[in-house]
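Worksheet: the structure to be examined is printed underneath.
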Amino acid sequence: MKKIFALFGIFLLTSCAELQTIASQFPQGVTDAEISSGLKQALQFGIDKEVTSLAKEDGFFSNELVRIGLPPELQKVDRTLRDIGLDALADEGLRVLNRAAEDAVSEAIPVFADAVTGITFADARNILMGGEDAATVYLSNRTEQELYSRFNPIISNSLDKVGATQVWKNIIEKYNAVPVTSNVNPDLPDYVTNEALDGVFLMIAKEEKEIRSSISARTTDLLRRVFAVQDR
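Structure representation (structure tokens):
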């Protein structure tokens, strides 16, 4: 019986020590509510700054990090057009793809707002102590499918509205008229939708990384207090 009590005592001491180690990872005075609010604030800052910027005219086209280029199937079209002196036509083809993405991006803001609101205390601690893009990954996992369904019809309509369908018809016809070429017919709306989503999450991840790595990017007292936790 004494041996049983001794073993039980060792178990309790070990468990307490482990709990103290876990608890020591989080400074006293930073509550679950503050961590949750801080993560939500950081994500909201990223959404307000980066997504709003992408939704402006040339938000994609002028940003080298997210500018949408041609799908692999059409890259040879672009090269061929430029080789025969049709640079302006090739540039116009690129611009209309980016315009379509810019038209769709504002749809992301309410979807992101719902996802941010749904962050739990447990989610917040896991995100805070996760990788440099943990918050962005969380957001992506919970919104990407809905965002695709919202973006795709807008992008399809936008491609029609700005004349992309006719532009690309003209481009492909000229390309196909060049000797030793083969016909190409990519699904442009699907391609632009996926590129737009990648661009949105890339820019949010960029903002998240800056807040995590640079104290000067933590522009509120709440952000400074909360992200000091992950600095340790």
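Residue numbers for the sequence shown, in mature numbering (1 follows the signal peptide of the UniProt record, and there is no 0): -19 to -1, 1 to 213. Cβ atoms here follow ideal geometry from the backbone N, Cα and C, with glycine treated the same way.
In this structure, does DSSP put LYS187 in helix, strand or coil?
Here residue 187 refers to the residue found at position 206 of the sequence shown. Correct three-state label for LYS187: helix.
Could you pull out every residue in the same chain whose Cβ sits closer than 8 Å to the Cβ of ARG199, ignoring the five residues on either side in sequence?
As a working mapping, residue 199 is identified with position 218 in the sequence shown. Excluding five sequence positions before and after ARG199, the CB atoms of its chain that fall closer than 8 Å to its own CB belong to ILE192, ARG205 and PHE208, given in chain order.
Enumerate in chain order the residues of its own chain whose CB-to-CB distance from ILE136 is below 8 Å, with the five nearest sequence positions on each side excluded.
Within the sequence shown, the letter at position 155 stands for residue 136. Excluding residues within five positions, the ones whose Cβ falls inside 8 Å are ALA81, ALA82, ASP84, ALA85, PRO170, VAL173, THR174 and ALA177.
Residue 214 versus PHE182: straight-line alpha-carbon distance, rounded
Outside the modelled stretch of the chain, which goes from -19 to 213, sits residue 214, for which no answer is possible.
Distance check for VAL118 and SER130, CA to CA, integer angstroms please.
Here the question's residue 130 lines up with position 149 in the sequence shown. Here the question's residue 118 lines up with position 137 in the sequence shown. Taking the straight line joining both Cα atoms gives about 19 Å.
Spatial distance of ILE16 from GLU125 (CA atoms):
Translated into positions along the sequence shown, residue 16 becomes position 35. Translated into positions along the sequence shown, residue 125 becomes position 144. If I take the Cα positions, the gap works out to 24 Å.
Can you tell me whether SER121 is buried or exposed? The criterion is at least 16 other CB atoms within 10 Å of its CB, across all chains shown.
For the purposes of this step, residue 121 is taken as the residue at position 140 of the sequence shown. It is buried - the Cβ of SER121 has at least 16 other Cβ atoms within 10 Å.
Please list, in chain order, all residues of the same chain as ALA116 whose beta carbon is under 7 Å from its beta carbon, the five residues on each side excluded.
If you number the sequence shown from 1, residue 116 lands on position 135. Closer than 7 Å at Cβ, skipping near neighbours: LEU20, ALA23, LEU24, ILE108 and GLU189.
For ARG123, which residues of its own chain have a beta-carbon under 8 Å away from its beta-carbon, when the five flanking residues on both sides are left out?
Working through the sequence shown from its first residue, we reach residue 123 at position 142. Same-chain partners within the cutoff: ALA96 and GLY99.
Integer-rounded CB distance, given that LEU78 should sit under 8 Å from ALA145:
On the sequence shown, residue 145 is found 164 positions in, with the first residue counted as 1. On the sequence shown, residue 78 is found 97 positions in, with the first residue counted as 1. Rounded, the Cβ-Cβ distance is 7 Å, consistent with contact.
Does the beta-carbon of GLN6 have 16 or more other beta-carbons within 10 angstroms, so that it is buried, or is it exposed?
By one-based count along the sequence shown, residue 6 stands at place 25. For GLN6, the predicted model reports a pLDDT of 47, less than 50, meaning its position is unreliable and no value from the coordinates is stated.
Is it buried or exposed for ALA89, if we count other Cβ within 10 angstroms and need 16 for buried?
Walking along the sequence shown from the start, residue 89 turns up at place 108. Under a 10 Å Cβ-count criterion, ALA89 is classified as buried, with 16 or more other Cβ atoms of the shown protein chains found around its own Cβ.
Rounding to the nearest angstrom, what Cα-Cα distance links ASP141 and LEU70 in this structure?
Stepping through the sequence shown from its first residue, residue 141 is reached at position 160. Stepping through the sequence shown from its first residue, residue 70 is reached at position 89. Rounded to the nearest whole angstrom, the CA to CA distance from ASP141 to LEU70 is 17 Å.
Do ILE185 and GLY27 have their CB atoms nearer than 7 Å?
As a first step, residue 185 is located in the sequence shown; it is residue number 204 there, counting from the start. As a first step, residue 27 is located in the sequence shown; it is residue number 46 there, counting from the start. It is a contact, given that the beta carbons lie within the stated cut-off.
What does the alpha-carbon distance come out to for the pair ARG106 and ASP114?
For the purposes of this step, residue 106 is identified with residue 125 of the sequence shown, where counting begins at 1. For the purposes of this step, residue 114 is identified with residue 133 of the sequence shown, where counting begins at 1. Rounded to whole angstroms, ARG106 to ASP114 spans 14 Å at the Cα level.
With respect to the alpha helix (DSSP H) encompassing VAL47, which residues constitute its N-terminal and C-terminal limits?
Start at 1 with the first residue of the sequence shown, and residue 47 comes out as number 66. Element bounds for VAL47: n/a, residue is neither H nor E.
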